[in-house]
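I have placed the structure first, in the form of structure tokens, so that the comments after it can refer back to it.
2 protein chains.
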Amino acid sequence: MSKGEATRQFIIEKAAPIFNKKGIAATAMSDIMDATKLAKGSLYVHFENKDVLAAEVVDHNLNLGRKKLQAALNIAGTSKEKLFTYIDVVTDILNPPVPGGCPMINFGMEADDTNPEIKQKINQAIESTQQWISDIIKQGIKAGEFRPDWNHKEFATIMFAMVEGGIVIGRVAGNNTKIKAIGKALKQMISSQQLT
Amino acid sequence: MSKGEATRQFIIEKAAPIFNKKGIAATAMSDIMDATKLAKGSLYVHFENKDVLAAEVVDHNLNLGRKKLQAALNIAGTSKEKLFTYIDVVTDILNPPVPGGCPMINFGMEADDTNPEIKQKINQAIESTQQWISDIIKQGIKAGEFRPDWNHKEFATIMFAMVEGGIVIGRVAGNNTKIKAIGKALKQMISSQQLT
DNA sequence: TTCATAAGTGACCGAACGGTCATATTTGAA
DNA sequence: TTCAAATATGACCGTTCGGTCACTTATGAA
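If you read the protein sequences in the order shown, they are chains D and G. Numbering of the first sequence is given in the UniProt record's numbering, commencing with residue 1 and proceeding in unit increments. Numbering of the second sequence is given in the UniProt record's numbering, commencing with residue 1 and proceeding in unit increments.
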């Protein structure tokens, strides 16, 4: 990795929690200057403008979420264990993948009326997450782990909505009480689809 | 209502969809000037600064949501009908109470890391909504409409999380496909708690 | 009708915004 | 070691930001 590539990556990493917490519009390039200790001109050597940096940060934050999940999934064996791991990881809002919490909600809610490019990025992430859940269940059904008549596509949507809604509740409340209850309920729903 | 009070209310109403769509930080007083056709000085006659206006707008938008629900609830009789009405109203994301969608998610996700006053306002709205759902179910249990052992507090949290999570999905996708499925699933969960 | 008060105006303020560029420094292939 | 290209700097630019204020106009109680 060249010096330039390293600096570029360094800027993204330092900018990531700032954009995630303050939002894109409310984050100033001066915030990134402070965080990186770089001069303004240097930032513009690596990013042609703020929107390009923001887009890269969104991708980076989404990747941090994916990586955190992937790391936890290494231990999981069965489909049930994978789903439980997903629940444990995403409901652990006191240890988010990026400071500021789930980037899908943060950037999605900022972008839905103001930023079509970011909105589309987040939409893809949301859809692929649901697809991933659905696929895990499908594998579990094929493996004889779950009831074959389980509507896995619908449940994937419900599960995703429940945890994301729970994140909203938890972040605004400043605690994880409610989302832990949501996680527990979700696990019961999953267990009820288990074959003996 | 004096002229001043009328103007103050007028400003809040014109500002409401702007703050809801763009967010507080990204909304400029010049946006409000454009929307109201008032001079800047006039805005500051009625609001000492932008934060005061924003706080009033948040209250106003939360009230619009409550009013929309209340209006729809007039037809509802049983507890089940009330819950179904709630579901129909909040999942109708193509006709939100304020342009920009649910103010609880919009302002909640902006404020959680940046604006403690707004965060607290939203937290109260979220908690009272869950309390309202819980109370409706409790009434239904007392009336012999629902199973007495239904965990109504837990279900209120789950129901709220599901619809809010569904709103995130729907707004970012730009359609109501998924949230309609969520509403349908919620209605089935409710119906399954009905006594014959 | 009077007139003190309330409401509305828009030029103006300093600060912060995103972005540029001439210049200086560093890098690493040849 | 050389030196062109890559990287870093910070003063500077025009614009927009939230907010102020001297002033004009409108209101409505007496």
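Cβ coordinates follow ideal geometry from the N, Cα and C atoms, glycine included. All values reported here derive from a predicted model rather than from experimental measurement.
Residue i and residue j closer than 7 angstroms at C-beta
i: G:G108; j: D:V58; result: no
i: G:N18; j: G:A54; result: One detail in the question is off: residue 18 of chain G reads as Ile in this sequence, not Asn. No. Outside cutoff.
i: G:I126; j: G:M104; result: yes
i: G:A72; j: G:T85; result: yes
i: D:K14; j: D:M29; result: no
i: G:I182; j: D:A161; result: yes
i: G:V98; j: G:N20; result: yes
i: D:Q130; j: D:A111; result: no
i: D:V172; j: G:N123; result: yes
i: residue 217 of chain G; j: G:H152; result: The displayed coordinates of chain G run from 1 to 196. Any statement about residue 217 of chain G would go beyond what the structure contains.
i: residue 198 of chain G; j: G:I87; result: This structure leaves residue 198 of chain G out entirely; chain G is present only between 1 and 196.
i: G:G170; j: G:I179; result: yes
i: G:D113; j: D:G100; result: yes
i: D:V89; j: D:L69; result: yes
i: G:G65; j: D:G165; result: no
i: D:W150; j: D:Q193; result: yes
Contact with chain G by residue i, beta-carbon distance below 7 angstroms
i: D:K119; result: yes
i: D:E164; result: yes
i: D:E145; result: no
i: D:T129; result: no
i: D:M189; result: no
i: D:T157; result: yes
i: residue 209 of chain D; result: Missing from the structure shown is residue 209 of chain D; chain D here goes from 1 to 196 and no further.
i: D:I105; result: yes
i: D:I137; result: no
i: D:A35; result: no
i: D:I133; result: no
i: D:N61; result: no
i: D:E154; result: yes
i: D:A6; result: no
i: D:A125; result: no
i: D:I141; result: no
Min CB distance residue i to chain D below 7 angstroms
i: G:K50; result: no
i: G:A55; result: no
i: G:D112; result: yes
i: G:G108; result: yes
i: G:I32; result: no
i: G:A28; result: no
i: G:A39; result: no
Among the options, the one whose alpha carbon lies nearest that of residue i
i: G:T177; options: D:G170, D:Q193, D:A185 and D:E154; result: D:E154
i: G:I11; options: G:A26, G:A35 and G:S2; result: G:A35
i: D:L195; options: D:N106, D:S79, D:G65 and D:I87; result: D:S79
i: G:L82; options: G:G165, G:Y44, G:I32 and G:G140; result: In the sequence under discussion, the amino acid at residue 82 of chain G is Lys, which differs from the Leu named in the question. The shortest Cα separation from G:K82 among G:G165, G:Y44, G:I32 and G:G140 belongs to G:G140.
i: residue 197 of chain D; options: D:F47, D:T27, D:R147 and D:I93; result: Since the first and last residues shown for chain D are 1 and 196, residue 197 of chain D lies out of range.
i: D:A6; options: D:A39, D:K40, D:T27 and D:H46; result: D:H46
i: G:K22; options: G:N106, G:I118 and G:G144; result: G:N106
i: G:A16; options: G:E56, G:Q193 and G:K40; result: G:E56
i: D:I93; options: D:V163, D:Q9 and D:A39; result: D:V163
i: residue 198 of chain G; options: G:E48, G:E145 and G:H60; result: Outside the shown range of chain G, which is 1 to 196, sits residue 198 of chain G, and nothing can be said about it.
i: D:N61; options: D:Y44, D:G4, D:P96 and D:A39; result: D:P96
i: G:G4; options: G:E117, G:K37, G:M33 and G:S42; result: G:S42
i: G:N115; options: D:L38, D:Q188, D:A26 and D:S2; result: D:A26
The ligand SAH heavy atom lying under 6 angstroms from the CB of residue i
i: G:K180; result: The ligand SAH is not among the ligands present in this structure, which contains no ligands whatsoever.
### Query
In chain order, what residues of the segment 10–23 of chain D put their CB closer than 7 angstroms to some CB of chain G?
K21, K22 and G23
### Query
Going along the chain, which residues of the segment 169–185 of chain D sit with their C-beta nearer than 7 angstroms to a C-beta in chain G?
I169, R171, V172, A173, K178, A181, I182 and A185
### Task
Residues of the segment 67–101 of chain D with a CB closer than 9 angstroms to any CB of chain G: list them in chain order, please.
P99, G100 and G101
### Task
Output the residue ranges of the alpha helix (DSSP H) runs that lie fully inside the segment 130–190 of chain D and measure 4 residues or longer, sorted by chain position.
152–173
### Query
Could you give the uninterrupted runs of the alpha helix (DSSP H) lying entirely in the segment 72–134 of chain D, keeping only those of 4 residues or more?
79–90 and 103–111
### Task
Note down, one range per segment and in chain order, each alpha helix (DSSP H) of at least 4 residues found wholly within the UniProt DNA-binding region "H-T-H motif" (28–47) of chain G.
29–36 and 40–46
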